[in-house]
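Asks: In my numbering, the protein residues as written are 131 to 519. Even glycine gets a Cβ: it sits at the ideal position worked out from N, Cα and C. Below you'll find the structure I mean.
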Amino acid sequence: MAEGKLITLSVIKADIGSLAGHHIVHPDTIAAATKVLAEAKRKGLIIDFYVTNAGDDLELIMTHTKGVDSPDIHGLAWDAFKEAAKVAKELGLYAAGQDLLVDAFSGNVRGLGPGVAEMEFVERPAEPVAIFMADKTEPGAFNLPMYKIFADPFNTAGLVIDPRMHEGFIFEIYDVFEGKYVKLSAPEEIYDILAIIGTPGRFIVRRVYRKADGEIGAVVSVERLNLIAGKYVGKDDPVAIVRAQSGFPAMGEILEAFAFPHLVAGWMRGSHHGPLMPVPLRYSKCTRFDGPPRVIGLGFNIKNGRLVGPSDLFDDVAFDETRRLAQTVAEYMRRHGPFMPHRLGPEEMEYTTLPQVLEKLKDRFKIEEKAVKAKKPQIRSELLEETHD
Ligand code: F6R
Ligand code: MG
Ligand code: MG
Numbered sequence: 131m132a133e134g135k136l137i138t139l140s141v142i143k144a145d146i147g148s149l150a151g152h153h154i155v156h157p158d159t160i161a162a163a164t165k166v167l168a169e170a171k172r173k174g175l176i177i178d179f180y181v182t183n184a185g186d187d188l189e190l191i192m193t194h195t196k197g198v199d200s201p202d203i204h205g206l207a208w209d210a211f212k213e214a215a216k217v218a219k220e221l222g223l224y225a226a227g228q229d230l231l232v233d234a235f236s237g238n239v240r241g242l243g244p245g246v247a248e249m250e251f252v253e254r255p256a257e258p259v260a261i262f263m264a265d266k267t268e269p270g271a272f273n274l275p276m277y278k279i280f281a282d283p284f285n286t287a288g289l290v291i292d293p294r295m296h297e298g299f300i301f302e303i304y305d306v307f308e309g310k311y312v313k314l315s316a317p318e319e320i321y322d323i324l325a326i327i328g329t330p331g332r333f334i335v336r337r338v339y340r341k342a343d344g345e346i347g348a349v350v351s352v353e354r355l356n357l358i359a360g361k362y363v364g365k366d367d368p369v370a371i372v373r374a375q376s377g378f379p380a381m382g383e384i385l386e387a388f389a390f391p392h393l394v395a396g397w398m399r400g401s402h403h404g405p406l407m408p409v410p411l412r413y414s415k416c417t418r419f420d421g422p423p424r425v426i427g428l429g430f431n432i433k434n435g436r437l438v439g440p441s442d443l444f445d446d447v448a449f450d451e452t453r454r455l456a457q458t459v460a461e462y463m464r465r466h467g468p469f470m471p472h473r474l475g476p477e478e479m480e481y482t483t484l485p486q487v488l489e490k491l492k493d494r495f496k497i498e499e500k501a502v503k504a505k506k507p508q509i510r511s512e513l514l515e516e517t518h519d
């Protein structure tokens, strides 16, 4: 078989302002970003591109040969966002320029606000990929589906049946608080994997590799905006790329992982748990209580870098029951109002505007002299630090 072309697929996203609140991008901002990318394609910097939106997030999908973390490609995405933000400002859109945390680009968009998922691979004769883009949630929202896709034989039949997948996959998991990562092997270490990724606000499945040959199978954006900015500036709405078929999970196995609308953090003010609802592009618009959190999926074939497609993956009646369950769960969670577990726990609320409200009450608490005080639990992060010095 002739070797295919070495291609980079980059998905870079930012919220640069939205129409009538925080629920949907304006078509003129999509047009502004499209114009910048069309010019870059004409000049040969990128091979192909597709611009879309997940709720209030502008999504740039690009193919090129510059590799991951290329200053040229990140610079291009930055220019596209800047142009779109300019239009957003002209139109007086809400939170115009929100995710562009700095004024000047400095070589890489990571840490500057946008979210990034990129992978480089040698194109197979047919290269099907799924691109997932979520709104009103955080990168760890993809932990559960990634686990199901690449480690759960009740989801992915190929883990049992297909000899090319039977050895399993390597999970690269990133600790957003410590800036460290660990590679764990499925199926041998699935209990360790789950012990970590069950805390999705901290540990994020960042990459997945096929064990048999080290080929990359998936990548997820790990940028957590609030941690970067040190204050609440939106909820790090994530993107992910998954390669499908011939030795990777089938497209249907990948999509099956989204048939359960699991609870994720985000939704209103980035402060509430709600179900992740898979929707077609036409419903990519977060209305009820600024949500519920939702995810869109686009399927492409990549041929010599050309993006053939997309197929709107969740535009299928087969996901109607998932959506119905999501609505029921959304209704149930909403009835809790400001109470946990609908509202996030105190550690996550640190990055919202709640501490400002609590600060006001601080001096109104009176010391109880004979109080029997409960011990505050410590987060034992040192347990994870001991392995390195
Ligand atoms: C969530 C989100 C929205 C806003 C909410 C309040 O990621 O962006 O839910 O947090 O609409 O927005 P402000 O504070 O801008 O009025
Ligand atoms: Mg927004
Ligand atoms: Mg958003």
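(1) For the region 188-273, list the alpha helix (DSSP H) runs that are entirely contained and at least 4 residues long, ordered along the chain.
(2) Leucine 488: buried (16+ other C-beta within 10 angstroms of its C-beta) or exposed?
(3) How about the region 338-348 and the region 287-297: do they share at least three Cβ pairs that are nearer than 8 Å?
(4) Who are the Cβ neighbours of proline 391 in its own chain at under 7 Å, not counting the five residues just before and after it?
(5) Any heavy atom of ligand 1 within a distance shorter than 7 Å of the CB on lysine 266?
(6) Roughly how far, in whole angstroms, is the beta-carbon of cysteine 416 from the beta-carbon of aspartate 265, given that I think they are within contact range, below 8 Å?
(7) Residues in its own chain within less than 6 Å of arginine 354 by CB, not counting five upstream and five downstream?
(8) Between which two residues does the alpha helix (DSSP H) harbouring leucine 524 extend?
(9) Within the 8 Å Cβ cut-off, does cysteine 416 reach chain C?
(10) Any idea which residues DSSP pairs lysine 490 with across the strands?
(11) Here's the rule: buried if 16 or more other CB atoms are within 10 angstroms of the residue's CB, otherwise exposed. What is phenylalanine 469?
(12) Going straight from the alpha carbon of proline 269 to that of histidine 152, what length do you get?
(13) Can you give the Cα-Cα distance for isoleucine 371 and phenylalanine 280, rounded to whole angstroms?
(14) If distances are taken between C-alpha atoms only, which option among Val438, Gly396, Tyr224 comes closest to isoleucine 154?
(15) Would you be able to state if there are at least three C-beta pairs under 8 Å between the region 137-153 and the region 185-203?
(16) Given this structure, state the Cα-to-Cα distance separating aspartate 519 from phenylalanine 333, to the nearest angstrom.
(17) What would DSSP say about arginine 332, mapped onto helix, strand or coil?
(18) Using the three-state DSSP reduction, which class does glutamate 480 fall into: helix, strand or coil?
(19) Aspartate 493: buried (16+ other C-beta within 10 angstroms of its C-beta) or exposed?
(20) Quick check: the region 277-291 against the region 373-383, are there 3 or more CB pairs under 8 Å?
(21) Return yes when at least one heavy atom of ligand 3 lies under 7 Å from the C-beta of aspartate 209, else no.
(22) Is serine 401 near ligand 2, in the sense that its beta carbon is under 7 Å from a heavy atom of that ligand?
(23) Please confirm whether any heavy atom of ligand 2 lies closer than 7 Å to the CB of histidine 392.
(24) In the DSSP assignment, what residue or residues form a beta bridge with tyrosine 311?
(25) Ligand 3 and glycine 270: does the residue's C-beta get closer than 7 Å to at least one heavy atom of that ligand?
(26) Can you tell me where the alpha helix (DSSP H) holding valine 459 begins and where it ends?
(27) Secondary structure at alanine 370, three-state DSSP: helix, strand or coil?
(28) Taking 8 Å as the threshold, find out whether the region 499-506 comes into contact with the region 429-441 through three or more Cβ pairs.
Replies: So, from the data block:
(1) Counting only runs of at least 4 residues, the region 188-273 fully encloses the following alpha helix (DSSP H) elements, listed from N- to C-terminal order: 201-220.
(2) Under this definition leucine 488 is an exposed residue.
(3) Because the criterion of three Cβ pairs below 8 Å is met, the region 338-348 and the region 287-297 touch.
(4) Pro405, Leu406, Met407, Thr452, Leu455, Ala456, Val459, listed in sequence order.
(5) In this structure, lysine 266 has its beta carbon less than 7 Å from a heavy atom of ligand 1.
(6) Taking a contact as a CB-CB distance under 8 Å, the pair cysteine 416 and aspartate 265 counts as one, their CB atoms being some 5 Å apart.
(7) Excluding five sequence positions before and after arginine 354, the CB atoms of its chain that fall closer than 6 Å to its own CB belong to Val306, Asp366, given in chain order.
(8) In the structure as shown, the chain begins at 131 and stops at 519. Residue 524 is therefore absent and cannot be evaluated.
(9) As a matter of chain content, chain C is missing from the structure shown, which is built from one protein chain.
(10) Paired residue(s): none; lysine 490 is not in a bridge.
(11) Phenylalanine 469 is exposed by the Cβ-count criterion.
(12) Computed Cα separation, rounded: 19 Å.
(13) One C-alpha to the other measures close to 13 Å.
(14) Out of Val438, Gly396, Tyr224, Tyr224 has the C-alpha closest to the C-alpha of isoleucine 154.
(15) Cβ pair count under 8 Å is three or more, so yes.
(16) For aspartate 519, the predicted model reports a pLDDT of 40, less than 50, meaning its position is unreliable and no value from the coordinates is stated.
(17) Arginine 332: coil per DSSP, three-state reduction.
(18) The three-state secondary structure of glutamate 480, taken from DSSP, is coil.
(19) By the 10 Å Cβ count, aspartate 493 comes out exposed.
(20) Here the region 277-291 lies against the region 373-383, with 3 or more beta-carbon pairs under 8 Å apart.
(21) For ligand 3, no non-hydrogen atom lies closer than 7 Å to the CB of aspartate 209.
(22) Shortest gap from the CB of serine 401 to any heavy atom of ligand 2: 7 Å or more.
(23) Outside the cutoff, so no.
(24) Partner residues in the beta bridge of tyrosine 311, as assigned by DSSP, are Tyr304.
(25) Not one heavy atom of ligand 3 is found less than 7 Å from the C-beta of glycine 270.
(26) 450-464 is the extent of the alpha helix (DSSP H) around valine 459.
(27) Of the three classes helix, strand and coil, the one that applies to alanine 370 here is strand, per DSSP.
(28) Taking a cut-off of 8 Å on C-beta distances, the region 499-506 does not touch the region 429-441, as fewer than three cross pairs fall below it.
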